[in-house]
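A short write-up of the structure that comes next.
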Amino acid sequence: MTFAERMLKIDRRIIFLVIGFCTLLPLLYPVGLPIKISPEVRGVYDYIESLPEGSVFLLSLDFDPASKPELHPQAISLLRHAFRKNLRVIAMTLWVSGTGMADQVVTQVAREMGKESGKDYVFLGWSPGGTAVIINMGQDLYGAFPADYNGKPTKGLPVLQGIANLRDVSYAVSLGAGNPGVEAWYVFGKDKYKFELAGGCTGVMAPGLYPLLRSGQINGLIGGLRGAAEYEILIGQKGKAVAGMDAQSATHLAIIVLVIICNVFYLSLRKTTRQQAHSGT
Amino acid sequence: MPVETIIGAWVATGLTLFIFTFLYKDNPLFKLAENLYVGVSVGYTIVKTYDTVVVQLIWKPIVENGEWTLLIPVAIGLLMLTRYVPKAAWLSRYAFAFIVGVGSGLAIPRTISSFILKQIEDTVRPLMMLVPGEGVSFTWSLLNPASSLNTIIILVGVSSVLFYFFFSVEHTGPGKIVARTGILFLMIAFGAAFGYTVMARMSLLIGRLTDLIEFTDPSYGRPSLWLLGLTILTLVVMSRRSSNKQPKEEE
Amino acid sequence: MIFLRRQVPLLITLITGIVFAAQYYVPHPASEQMLTSVTKWLQIIGGFALVLGVSSLFHVHAIKIRRKEAGWGYSFVLYVSMLGTIAVGLWSNGKEAVDGTMTAFGWIYNFMMVPLQGTMFAILAFFIASAAYRSFRARSREAAVLLIAAVIVMMGRVPLGEYLLPISGDLSQWILNVLNASVRRAILIGVSLGTVALSIKIIFSMERSYLGGGKE
Numbered sequence: 001m002t003f004a005e006r007m008l009k010i011d012r013r014i015i016f017l018v019i020g021f022c023t024l025l026p027l028l029y030p031v032g033l034p035i036k037i038s039p040e041v042r043g044v045y046d047y048i049e050s051l052p053e054g055s056v057f058l059l060s061l062d063f064d065p066a067s068k069p070e071l072h073p074q075a076i077s078l079l080r081h082a083f084r085k086n087l088r089v090i091a092m093t094l095w096v097s098g099t100g101m102a103d104q105v106v107t108q109v110a111r112e113m114g115k116e117s118g119k120d121y122v123f124l125g126w127s128p129g130g131t132a133v134i135i136n137m138g139q140d141l142y143g144a145f146p147a148d149y150n151g152k153p154t155k156g157l158p159v160l161q162g163i164a165n166l167r168d169v170s171y172a173v174s175l176g177a178g179n180p181g182v183e184a185w186y187v188f189g190k191d192k193y194k195f196e197l198a199g200g201c202t203g204v205m206a207p208g209l210y211p212l213l214r215s216g217q218i219n220g221l222i223g224g225l226r227g228a229a230e231y232e233i234l235i236g237q238k239g240k241a242v243a244g245m246d247a248q249s250a251t252h253l254a255i256i257v258l259v260i261i262c263n264v265f266y267l268s269l270r271k272t273t274r275q276q277a278h279s280g281t
Numbered sequence: 282m283p284v285e286t287i288i289g290a291w292v293a294t295g296l297t298l299f300i301f302t303f304l305y306k307d308n309p310l311f312k313l314a315e316n317l318y319v320g321v322s323v324g325y326t327i328v329k330t331y332d333t334v335v336v337q338l339i340w341k342p343i344v345e346n347g348e349w350t351l352l353i354p355v356a357i358g359l360l361m362l363t364r365y366v367p368k369a370a371w372l373s374r375y376a377f378a379f380i381v382g383v384g385s386g387l388a389i390p391r392t393i394s395s396f397i398l399k400q401i402e403d404t405v406r407p408l409m410m411l412v413p414g415e416g417v418s419f420t421w422s423l424l425n426p427a428s429s430l431n432t433i434i435i436l437v438g439v440s441s442v443l444f445y446f447f448f449s450v451e452h453t454g455p456g457k458i459v460a461r462t463g464i465l466f467l468m469i470a471f472g473a474a475f476g477y478t479v480m481a482r483m484s485l486l487i488g489r490l491t492d493l494i495e496f497t498d499p500s501y502g503r504p505s506l507w508l509l510g511l512t513i514l515t516l517v518v519m520s521r522r523s524s525n526k527q528p529k530e531e532e
Numbered sequence: 533m534i535f536l537r538r539q540v541p542l543l544i545t546l547i548t549g550i551v552f553a554a555q556y557y558v559p560h561p562a563s564e565q566m567l568t569s570v571t572k573w574l575q576i577i578g579g580f581a582l583v584l585g586v587s588s589l590f591h592v593h594a595i596k597i598r599r600k601e602a603g604w605g606y607s608f609v610l611y612v613s614m615l616g617t618i619a620v621g622l623w624s625n626g627k628e629a630v631d632g633t634m635t636a637f638g639w640i641y642n643f644m645m646v647p648l649q650g651t652m653f654a655i656l657a658f659f660i661a662s663a664a665y666r667s668f669r670a671r672s673r674e675a676a677v678l679l680i681a682a683v684i685v686m687m688g689r690v691p692l693g694e695y696l697l698p699i700s701g702d703l704s705q706w707i708l709n710v711l712n713a714s715v716r717r718a719i720l721i722g723v724s725l726g727t728v729a730l731s732i733k734i735i736f737s738m739e740r741s742y743l744g745g746g747k748e
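Chains as they are written, first to last, in this note's numbering: chain U, 1 to 281; chain D, 282 to 532; chain X, 533 to 748.
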């Protein structure tokens, strides 16, 4: 076997080790390169900045623990921003396995910002049905969620005063890892109930949401860990997302180098095979 | 640090490392963690469903607020469960027919409005700006996605890709050029999708390793370091034992 | 009997499908009230559907344990962990935390479920690197285009890439907002047309596979 053939058939565990090191080293020894802010993340930030105090902000944490590294930092930053602007926050989730995580993040940030449940924010929890929940909230919020996550009846909560359904929401952001997610919130929510909507999503979902961004159906998009890092910088509170960007840089570079190396060996092998075929004939 | 947090840190680290052992090769530690994962996830879903549906959505509204009409969906739900009774399984069709009928009916106008009409509108509307009118100018900036040049590129992209997927017409002559343009656009989009997928997967790994690094702290008892050593030892012992078994079988 | 088994379900689909498709265009309060009630029902029925999905899992692994098939020990682990989680969850009244203090159910969620699910998906990072090395080859012109676009986006979306090659940031923004957006738009339109066509076929009984369950 030639050197090129051997390199192309290398044991994949060596590649695993390379990726492992490229992820671990920058986490232990961070560099802190500057991060440019993209217009799509700025769109979300600017809109929340423009909302007057007391506006209703709906945050739907539609993800499960599998997507925690990407969407958890986004949730923390958005909640910090919303609480700083003294907005009335309604949090919920459409994914059953994300309920505990959503409750924990809302409670944690609220406590940090000195906000009170029922007065400044409410965590509605989870309800089955996915898109049916969105439509039901659009028709009658109290019918969809008769009680909040702690069992307190939603009718009569000070934070929900004057809110009958989704039409009374000033801004909704869905942090989606799949379906139901941002698209479902648009199709079954914004299309009929006309509230302003933005999306946060995993890196896998992000390219698919650009058509909605371009058409103005969502006014901003926070994509993946990079989007979360950009938002942390915008609100001036760096967290896990910014800390992870160095490792992200290293691993991307590693993959690019691996792909280039693999193609160099592949093309040299192809050239050798073609030369042999020519000399053979 | 509370005791349950320390124990929890050790359990979480152990389970994380068990799953990482799959990278070396499939082994009992991984299988144990895998089955534990399925069991705990399903158990969690059942508890949550019971608490939300039975207690909050059915029991409390019917018993405390007297909403007796909610017995209808309960009946439909129970009909669905007859799927497991072979003689009465045909009754479950009523439930599925209702759900699918309502779901399809709700989806049709909303999908048409959101994803077909609105998307086509946004592709075509910016072109109106290019029609000579009062003080209309052609903007060339590639960096601004709403510029005239980009609007034309988007139109070319959307139409060529839609044409490419139109398989009932043969892609010959001018059709071939359009289809090939479509393929070019598709390849670029798939490349972008791959780039973002790599970003997403790496982020997940970064998240887990961040947690593992957090658990190297002495306040937790350094579970990451101890359990890493233990896991590597276990893997070495297991691979020695399987390589000892092989020569014995050959003998 | 055939009428009850086959025709009535199809009739139900037809009527509900047409009624709820038409409801979108009828703003009358009665129509809105119907939508509110029925979507509330769908939430409850959705809960039963989850139970349905889960009970098949119970069944499959119970058989494996009973027959002591290969790997039944792992099925036993699955069963015990499932029943254990349910027991602890019901004891904690389904809550992960009460007044900020973590319950036993919350302990299982935070220290078992979150790490397990997170790590299951985290190991994909290694596999995507290995797959990229083995299969991401410029075998043709189109594959080369895919490769170049992927490299530009991977460079442009990380700070190191933007630092080494400043143009990659702007280029990847252009690729995402213009080229990628146009392709995804076309795919979205195409898929939506397909979804609408399938929904119409279901409503008008041209597609019946969703019924399942029981003999004809």
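A virtual CB, placed ideally from N, CA and C, is assigned to each residue, including glycine.
Val592 (chain X) and Ile10 (chain U) have their C-alpha atoms spaced approximately 39 angstroms apart. If only uninterrupted alpha helix (DSSP H) runs of at least 4 residues are considered, those enclosed by the segment 630-692 of chain X are 636-640, 646-654, 656-667, 673-688. Distance between Tyr47 (chain U) and Leu25 (chain U), taken at the CA atoms: about 37 angstroms. The beta carbon of Arg671 (chain X) sits no closer than 8 angstroms to any beta carbon of chain D. With respect to Gly176 (chain U), Asp246 (chain U) sits apart: the two C-beta atoms are not nearer than 8 angstroms.
Between the segment 369-388 of chain D and the segment 729-741 of chain X there are three or more inter-stretch CB-CB distances shorter than 8 angstroms, so the stretches are counted as touching. Counted as a single uninterrupted DSSP element, the alpha helix (DSSP H) harbouring Asp103 (chain U) occupies residues 99-112. When 7 angstroms is used as the limit between beta carbons, Arg84 (chain U) is near no residue of chain D, the shortest such separation being about 25 angstroms. Shortest Cα-Cα distance from Trp507 (chain D) to any of D:Thr350, D:Ala290, D:Thr333 involves D:Ala290.
Interface flag for Ser714 (chain X) against chain D is set, since a Cβ pair is found closer than 8 angstroms. For Ile261 (chain U), the enclosing alpha helix (DSSP H) starts and ends at 240-280.
In the DSSP assignment, Ala91 (chain U) forms a beta bridge with U:Leu59, U:Phe123. Contact fails between the segment 541-559 of chain X and the segment 309-328 of chain D, because fewer than three Cβ pairs, one in each stretch, are under 8 angstroms apart.
Excluding residues up to 5 positions away in sequence, Thr404 lie with their Cβ nearer than 7 angstroms to the Cβ of Val439 (chain D) in the same chain. Note on geometry: alpha-carbon atoms of Ala676 (chain X) and Ile464 (chain D) lie some 12 angstroms from one another. As the crow flies, the alpha-carbon of Leu359 (chain D) is around 7 angstroms from that of Phe580 (chain X). Taken atom to atom, the span from the alpha-carbon of Phe446 (chain D) to that of Ala718 (chain X) is near 9 angstroms. By the neighbour-count definition (other C-beta atoms within 10 Å, threshold 16), Asn625 (chain X) is an exposed residue. A Cβ of chain D is located within less than 8 angstroms of the beta carbon of Glu70 (chain U). Taking the beta carbon of Ile389 (chain D) as reference, the chain X residues within 9 angstroms of it are Gly549, Phe552, Ala553, Tyr556, Thr727, Val728, Ser731, Ile732, Ile735, listed in sequence order.
When the alpha-carbon of Asn136 (chain U) is set against those of U:Val122, U:Lys190, U:Val56, the nearest one is in U:Lys190.
Gly320 (chain D) and Ser613 (chain X) have their C-alpha atoms some 5 angstroms from each other.
Tyr186, Val187, Phe188, Asp191: these are the residues of the segment 185-196 of chain U whose beta carbon lies less than 7 angstroms from some beta carbon of chain D, given in chain order. In this structure, Glu601 (chain X) sits away from Gly100 (chain U), with a CB-CB distance that is not shorter than 8 angstroms. Judged by pairs of C-beta atoms under 8 angstroms, the segment 254-266 of chain U does not touch the segment 209-223 of chain U, as fewer than three such pairs exist. The Cβ-Cβ distance between Ile35 (chain U) and Met686 (chain X) does not fall below 8 angstroms. With a beta-carbon spacing of about 13 angstroms, Ile134 (chain U) and Trp95 (chain U) fall beyond the 8 angstroms limit used to define contacts.
Within chain U, the residues placing a beta-carbon under 7 angstroms from that of Gly488 (chain D) are Lys68, Pro69, ordered along the chain. Taking C-beta separations shorter than 7 angstroms and ignoring five residues to either side along the sequence, the partners of Pro180 (chain U) in its chain run Asp62, Leu94, Gly130, Thr131, following chain order.
Nearest C-alpha to Asp702 (chain X) among D:Leu424, D:Ala460, D:Arg482, D:Ser428: D:Leu424. Put simply, the backbone Cα of Ser77 (chain U) is about 11 angstroms away from that of Val105 (chain U).
Distance check between Ile469 (chain D) and each of X:Arg716, X:Gly722, X:Gln649 places X:Arg716 closest, using alpha-carbon atoms only.
Annotation: the continuous alpha helix (DSSP H) that includes Leu310 (chain D) extends over 309-330. Using a Cβ-Cβ cut-off of 7 angstroms, Gly579 (chain X) is close to Pro128 of chain U, given in chain order. Not one beta carbon of chain D lies nearer than 8 angstroms to the beta carbon of Leu696 (chain X). In this structure, the beta-carbon distance from His252 (chain U) to Val479 (chain D) falls below 8 angstroms.
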